[in-house]
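Here's the structure, in structure tokens; my notes come after.
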Amino acid sequence: MARVSSHDRRDQLVEAAIRVATREGVGAVTTRTVAAEAGATPGIVHYVYRSMTDLLRDMVKAIADEQIHRVTSVQVEGSSVRECLERAFEALWTTLESEPDVHLLTYEVTDYALRHEELGDLAGWQYRCYFDAAATALESVAKAASVEWVVPAESLARLIVAVNDGVSLAWLVDRDTDRARGTYGQVIDHLVEVARPV
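Oh and the sequence shown: position 106 is 106 in the UniProt record's numbering, straight run, nothing missing.
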């Protein structure tokens with residue numbers, strides 16, 4: 001068997017944990033299930049991760065990083081503020097529509113973390129990642145469209161995250177794409193109103 005670097009092994013275990021959690025729920029993520037999914041031994045999981053909290057944190061980070069990358073990598077240069085926002089929200093929508101089970105998992109992780117004290121501030125950390133990503137996206141839009149926000153960016157970031165949570169969860173329940181996109185459109189309208197040229 002070829003030797004695997006610790007970085008690659010961590011990635012393999014995180015990917016295995018995501019597959020298990022997506023398929024069976026967060027409660028199914030155990031040393032044994034992750035090891036079996038990754039084709040490793042439970043001892044390897046214990047060696048790489050001192051606790052399941054650390055593994056869950058890396059799992060949440062991997063999911064958030066992928067979603068954040070899709071949104072923040074949208075090319076918006078030379079566009080109006082509306083066009084920039086439409087592209088960013090389209091990228092956000094695409095992540096939901098293409099991977100609904102992963103989005104469902106993000107809600108489950110939040111709920112699980114809030115109900116299990118041993119997970120500490122995992123849910124808070126998860127949402128700080130989301131708020132930071134939304135703020136970064138807003139900065140990119142402002143720069144590309146040569147605008148500034150008349151409302152603090154951190155307030156707008158929280159609004160975007162809250163609306164996205166509601167839109168995503170509602171869509172997971174009813175799969176009403178037109179209403180989901182319509183809600184995003186209303187948020188875009190609001191953001192255009194609170195942008196001014198610089």
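We treat Cβ as the ideally placed atom computed from N, Cα and C, and that holds for glycine.
Remember, predicted model here, so these are calculated numbers, not experimental data.
The secondary-structure analysis by DSSP pairs Arg196 across a beta bridge with Glu148. It is roughly 28 angstroms from the alpha-carbon of Gly39 to the alpha-carbon of His69.
Segment contact: the region 39 to 59 against the region 11 to 21, three or more CB-CB distances shorter than 8 angstroms; contact assigned. Using a 10 angstroms sphere on the CB of Leu92, the tally of other CB atoms reaches 16 or more, which defines it as buried.
For secondary structure counted as the alpha helix (DSSP H) over 4 or more consecutive residues, the region 3 to 87 holds these complete runs in sequence order: 6 to 24, 31 to 38, 42 to 48 and 52 to 72. For Val26 against Val34, the beta-carbon gap comes to about 12 angstroms, at or over 8 angstroms, which does not count as contact. According to the DSSP assignment, Asp165 belongs to the alpha helix (DSSP H) that extends over Ala153 to Asp174. Here Val198 is near Val147, since their CB atoms are less than 8 angstroms apart. Rounded to the nearest whole angstrom, the CA to CA distance from Trp125 to Arg23 is 24 angstroms. By the C-beta density criterion, Val71 is buried, having at least 16 other C-beta atoms within 10 angstroms. When rounded, the separation of the alpha-carbon atoms in Ala153 and Ala137 is 10 angstroms.
Short of 8 angstroms from the beta carbon of Glu99, and not among the five residues preceding or following it, lies no beta carbon of its own chain. Judged by their CB atoms, Arg196 and Val141 are not nearer to each other than the 8 angstroms cut-off. Excluding its 5 nearest sequence neighbours in each direction, Tyr130 has C-beta neighbours in its own chain below 6 angstroms: Val161, listed in chain order.
Annotation: Arg158 to Arg3 spans about 44 angstroms, alpha carbon to alpha carbon.
A buried status is given to Gln67, since no fewer than 16 other beta-carbon atoms sit within 10 Å of its beta-carbon. Secondary structure note for Glu117: it is in no alpha helix (DSSP H), with a DSSP letter that is neither H nor E. 8 angstroms or more divides the Cβ of Leu85 from the Cβ of Val163.
Between the alpha carbons of Thr183 and Ser5 lies a distance of about 45 angstroms.
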